Amino acid sequence: MQHLFDTTYEVETPEAIDLSAKIAGPAPRALAYTIDLSIRLLALLLILAVLAFLGEAGWGVFFILSFAMEWFYPVLFEVLRQGQTPGKKMLGIAVVNDDLTPVTWSTSITRNLLRAIDILPFAYALGIITMACTQHFQRLGDLAAGSVVIYRKKYTTVTNLPPVKPSPPPIPLSIEDQLAITSFTQRHQEISSARQQELAAILQPLINQNKKDQHNNPVIHLHAVGNWLLGKRE
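Here it is as structure tokens:
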């Protein structure tokens with residue numbers, strides 16, 4: 010049972026892997042937005058200082074760049090920089106899809122376009138009210154796009170990986186399959202041996218292990234593939 014003020018966000022993947030994250034509240038999100046706004050304003054001031062010498066043409070270019078900076082700055086950073094604008098990165102938070110997968114173009118564009126509504130009637134009042142009334146601090150843009158803002162964990166993936174020789178996957182894997190296997194590998198210390206065997210039985214068909222494989226234990230085989238996907242090579 011989840012408590013009202015519990016900020017833990019949990020989802021279960023189709024492969025029966027439980028993923029969890031901590032939801033970021035209004036305060037860090039407001040600070041991140043303030044940082045990003047300051048960056049945009051500073052950039053626009055520098056641009057204006059250069060374009061001012063071009064007269065009316067310079068002002069036209071400035072207004073176009075202002076529009077692009079306002080609406081595409083967050084989208085480009087969120088999609089290309091793992092859900093983090095500079096402000097979000099400084100606060101250690103990130104935008105993700107509500108299934109905790111990386112944010113997509115459509116998700117980011119939708120949530121940022123709806124900022125035009127969240128900002129009403131002033132100072133993001135509607136967005137703040139919506140966040141306060143939803144369980145996972147989602148503003149209208151998040152609800153429409155299917156996104157949440159979480160704290161980005163810093164993993165020490167190399168030192169915490171299981172002591173198994175890495176092995177490349179025998180077949181190409183989708184992003185979802187890779188996420189399932191790497192999550193299983195990273196959490197090997199948190200999951201009991203019995204539960205690992207149960208999950209391995211579910212995940213094993215993803216890599217089509219045959220009876221002649223060098224890893225007779227499906228858990229070890231998945232850890233080997235997971236180690237390889239996480240960058241371990243020896």
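Numbered continuously in the working numbering, the sequence shown closes out at residue 243. Cβ coordinates follow ideal geometry from the N, Cα and C atoms, glycine included. Being a predicted model, the structure only gives us computed values, none of them experimental.
With respect to the 8 Å criterion, Gly155 and Thr116 are classified as neighbours on the basis of their beta carbons. Linking Ile128 to Thr16 through their CA atoms gives a straight-line distance of about 24 Å. Under the three-state reduction of DSSP output, Val104 falls in the strand class. Membership of Val20 in any alpha helix (DSSP H) is not indicated; the residue belongs instead to the beta strand (DSSP E) covering Thr17 to Glu21. If only uninterrupted alpha helix (DSSP H) runs of at least 4 residues are considered, those enclosed by the segment 43 to 114 are 65 to 89 and 95 to 100. One Cα belongs to Pro177, the other to Leu85, and the distance between them is close to 32 Å.
Proximity to Ala41 across Ser29, Ala33 and Leu100 peaks at Leu100, based on C-alpha coordinates. Look at the segment 113 to 191 and you find these whole runs of beta strand (DSSP E), each 3 residues long or longer: 156 to 160. Taken through DSSP and simplified to helix, strand or coil, Ala30 comes out as strand. Gly235 carries a helical assignment under DSSP once its states are collapsed to helix, strand and coil. Around the beta carbon of Gly64, a 10 Å sphere encloses fewer than 16 other beta carbons of the protein chains shown; the residue is thus reported as exposed.
Looking from the CA of Phe72, the closest CA among Pro83, Arg90 and Leu53 belongs to Leu53.
The segment 183 to 190 makes contact with the segment 208 to 217; the number of CB pairs closer than 8 Å reaches 3 or more.
Secondary structure of Ser201 (DSSP, three-state): coil. Shown here, Arg196 sits in coil according to DSSP, grouped into three states, outside any helix or strand.
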